[in-house]
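Here the protein sequences come in this chain order: P and R. The opening position of the first sequence corresponds to residue 2 in the numbering used here, with each subsequent residue numbered one higher. The opening position of the second sequence corresponds to residue 2 in the numbering used here, with each subsequent residue numbered one higher. Glycine included, every Cβ here is placed at the ideal spot set by N, Cα and C. None of the values given here were measured: they were computed from a predicted structure.
2 protein chains.
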Amino acid sequence: MSELQRRPTLMDVAEAAGVSRALVSIVMRGAPGAAESTRQKVLQAANDLGYRADSRARLLRSSRTKLLGLSFSTAQPFHAEIVDAAYAEASAKGYEITLSAVANGRPEARAIETLLDVGAEALIVIAPTLGVEDLALHARSVPVVSLLRDDVGQAVDSVSSDDQAGIAMAVDHLVSLGHRRIVHVDGGTAVSSENRREAYRAEMIRRGLTPWVVPGGPGEEDGMDAGRILQADLPTAVIAFNDRSALGIMESFKAAGISIPANVSVIGYDDSHFAKLSYVQLTSVSQDAPLLAAAAVGRAVDRIEGAKSPGSVVRTPHLVIRKTTARAPEGNSDT
Amino acid sequence: MSELQRRPTLMDVAEAAGVSRALVSIVMRGAPGAAESTRQKVLQAANDLGYRADSRARLLRSSRTKLLGLSFSTAQPFHAEIVDAAYAEASAKGYEITLSAVANGRPEARAIETLLDVGAEALIVIAPTLGVEDLALHARSVPVVSLLRDDVGQAVDSVSSDDQAGIAMAVDHLVSLGHRRIVHVDGGTAVSSENRREAYRAEMIRRGLTPWVVPGGPGEEDGMDAGRILQADLPTAVIAFNDRSALGIMESFKAAGISIPANVSVIGYDDSHFAKLSYVQLTSVSQDAPLLAAAAVGRAVDRIEGAKSPGSVVRTPHLVIRKTTARAPEGNSDT
DNA sequence: TAGTCGAACTAGAACGATCTAGATGAACAT
DNA sequence: ATGTTCATCTAGATCGTTCTAGTTCGACTA
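Now the structure itself:
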């Protein structure tokens, strides 16, 4: 068949249009300094040859790469939502996103190095697992924005969701429905699990209620396990670490003939795809991925364009009330 | 605080070590041609300075970039599984993966161009939506491998899963359990929906059974809708387009008091995370993401390293039998 | 002793863009 | 006629690598 052909360069276009390379560069970038007539001629030639600028050369030469490095994990569906939104926000601000995934045999450190190597002007790391030291190290050469985690030291920016407020909303909602026996199934070792657990404890105590934490994890199976434990001594409401855990909890309840929300109310966290399903209709705390992504991109761009000192942006989540929460059942209002 | 510092270059390392740039380049690449003693000296200097090669410059200069471009969609969890596996396979073969996502306002064409611009030596596109013409156009400059779609013309490679075989396995399994009234809820306009639908038709006819297709789609809600339709005239078994659709179908059955697998058997497709959940235990056709990814990467590398003509690899899926399929209920074996 | 060889190393030209500084020439003022 | 200005265009340096074609020098051969 046809053999692979070399891609055209600036030089090729310049020759075809009968001008210098520099002028072609000017036209392709849309920079001022070219007569309209020649501009057209050059664009025509470029189009005929199917010319596209080689980003390696472009990025190498220009000090500004206009590239934002984004590291995410393939294992987290929520990250995909953020990636999606980040693309939109970045291109609105005139930046490109370059991705690097944390995958099975590919640690976060590797993902970050890759981003740096291609010339990213800033790093956005979703739920970084790196230590504060390592993050600070990278922050010496490029602005670093931590997304979904805020205990990242002085050197790096953070954009996170206010877990304290999110949990408070959940508790508040339940209390206003008359619940007092409210349990929290935590996220085990997952990122933000501790934050939410402590927020729950504080909030319960603040209201004169006794905190009651059951160990869990970020997956459906973890929720299942916790649900089975709870069946022995049923609370009137459960606040799960996330939606997937909530799903597991609900499944285990359903299997035991416990009905939701008649017998027990359940609240999830993330307002994910699952929560919205018509047969789930899970009341959930929404962190709003698009908003978080926009804030992270905004922060990164600000830092690139001059803002000196890192700061932390905290977005307040909101509660999406659906069908898994209702008034507390009667005769169960003891402490 | 400390201001952003320029990253060290080959030149810096060369000066620090008291050798030429070329020598440092040799050492950093692990190429032969440097005495062990100087090699150590250079590595030491590089380490002290925190030197990392700038991949833009490296890729620009070397004809071989050893880069595989991978385009995926943020909306498909299954793609994430493939990305994960592709990383592992690529690095085993000495290649790097560069990602580009198809996201909300970011069409596939854009994702592909980005990959080309950074110098990918081959393109792996997961479930391409581009026309055969456009794919062929790109294939003129670089090998293109289509993953999960096989009607892509002569110019591009394809790695796909044998839908025909997968559906046949599903039908076979059900027939062996005594089912005759087997319905297929299709995937609507989704990729491979048509393949599976036609495979189902052919397979049913081949066995002297009458095909029965209900329109559906790739999501849970689509399954729900189809499930509701089916309740009026219940089949003994359902083959869903994918796991998510199967989940929706099962939910709608459960809500109507129809029990699975006692009254109806259900088979999904993808053997996703959901199918494996302990409270789902969905019998499902597995396409085996790691195997598909490995085949695609292998194909891409083969083409890069000399294989002239594109070909298509078809992997045979396998059926994972769990708890949603059982013997057909008695007295329901009419046509 | 001179010649050959190979290992270790280096200078300088790529790669394909952008950027700086300057050339060119038409239009206008003096 | 001369100088000034401005828009338009270009030559050549540059980004940080890799690659090509040497050079250098000690060891070995004849």
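- DSSP places R:I322 in the coil class of the three-state scheme, outside both helix and strand.
- Rounded to the nearest whole angstrom, the CA to CA distance from P:G95 to P:M29 is 16 angstroms.
- For R:Y270, the enclosing beta strand (DSSP E) begins and ends at S266 to Y270.
- When Cβ-Cβ separations below 9 angstroms define contact, P:N196 makes no contact with chain R.
- In this structure P:V146 touches P:V160 by the C-beta definition: roughly 6 angstroms separates them, less than 8 angstroms.
- Contacts between P:T75 and chain R, judged by CB atoms closer than 8 angstroms, involve A81, E82, V84 and D85 in chain order.
- For chain R, the residues of the stretch 211-232 of chain P that bring a beta carbon within less than 7 angstroms of one of its beta carbons are E221, E222 and M225, in chain order.
- The C-alpha of R:N264 is placed about 24 angstroms away from the C-alpha of R:R198.
- Judged by DSSP in its simplified three-state form, P:I261 adopts coil rather than helix or strand.
- Not a single C-beta of chain P is nearer than 9 angstroms to the C-beta of R:A200.
- Using a Cβ-Cβ distance cut-off of 8 angstroms, the stretch 65-77 of chain P and the stretch 118-125 of chain P are in contact, since at least three pairs of beta carbons, one from each stretch, lie closer than that value.
- Contact annotation: in the stretch 119-153 of chain R, residues whose CB is within less than 7 angstroms of a CB in chain P are V119, G120, R141, S142 and V143.
- Of all residues in the stretch 97-111 of chain P, those with a C-beta nearer than 9 angstroms to a C-beta of chain R are E97, I98, T99, L100, S101, A102, A104, N105, G106 and R107, reading in chain order.
- Sequence-distant Cβ neighbours of P:A166 in its own chain, meaning closer than 6 angstroms and more than five residues away, are T317.
- Here R:A171 is not near R:Y52, since their CB atoms are 9 angstroms or more apart.
- Using beta-carbon distances, R:Q165 does not count as an interface residue toward chain P, since no partner is under 9 angstroms.
- R:A104 places its beta carbon 9 angstroms or farther from that of R:A294.
- Between P:G188 and P:M225, the CB-CB gap reaches or exceeds 9 angstroms.
- Leaving aside the five residues that flank P:A257 on each side, the residues in its chain whose CB is nearer than 6 angstroms to its CB run, in chain order, Q232.
- Between R:D234 and chain P, the shortest Cβ-Cβ separation is not below 9 angstroms.
- For P:T317, the three-state secondary structure derived from DSSP is coil.
- Within the stretch 57-72 of chain R, the residues whose Cβ lies closer than 7 angstroms to some Cβ of chain P are R57, A58, L60 and L61, listed in chain order.
- The continuous alpha helix (DSSP H) containing R:E109 extends over residues E109 to D118.
- Residue R:Q288 holds the alpha-carbon nearest to the alpha-carbon of R:D163 among R:R328, R:V157 and R:Q288.
- Residues of chain P whose Cβ lies closer than 7 angstroms to the Cβ of R:P78 are, in chain order, P78.
- Between the C-alpha atoms of P:K255 and R:V267 there is a straight-line separation of about 20 angstroms.
- Counting along the chain, the unbroken alpha helix (DSSP H) around P:H80 starts and ends at P78 to A93.
- Below 8 angstroms, too few C-beta pairs join the stretch 235-253 of chain R and the stretch 198-214 of chain P to call them touching: fewer than three.
- For the pair R:S74 and R:H80, the Cα-to-Cα distance works out to about 7 angstroms.
- Not a single CB atom of chain R sits nearer than 9 angstroms to the CB of P:T10.
- Chain P has a Cβ within less than 9 angstroms of the Cβ of R:R53.
- Here the alpha carbons of P:N48 and P:K324 stand approximately 56 angstroms from one another.
- In chain order, R22 place their CB closer than 8 angstroms to the CB of R:M12, counting only its own chain and leaving out the 5 sequence neighbours on each side.
- P:T190 counts as exposed, since fewer than 16 other C-beta atoms from the protein chains shown sit within 10 angstroms of its C-beta.
- For the stretch 271-305 of chain R, the set of residues with a beta-carbon nearer than 8 angstroms to any beta-carbon of chain P comprises L278, S279 and Y280, in chain order.
- Counting along the chain, the unbroken alpha helix (DSSP H) around R:E134 starts and ends at V133 to A140.
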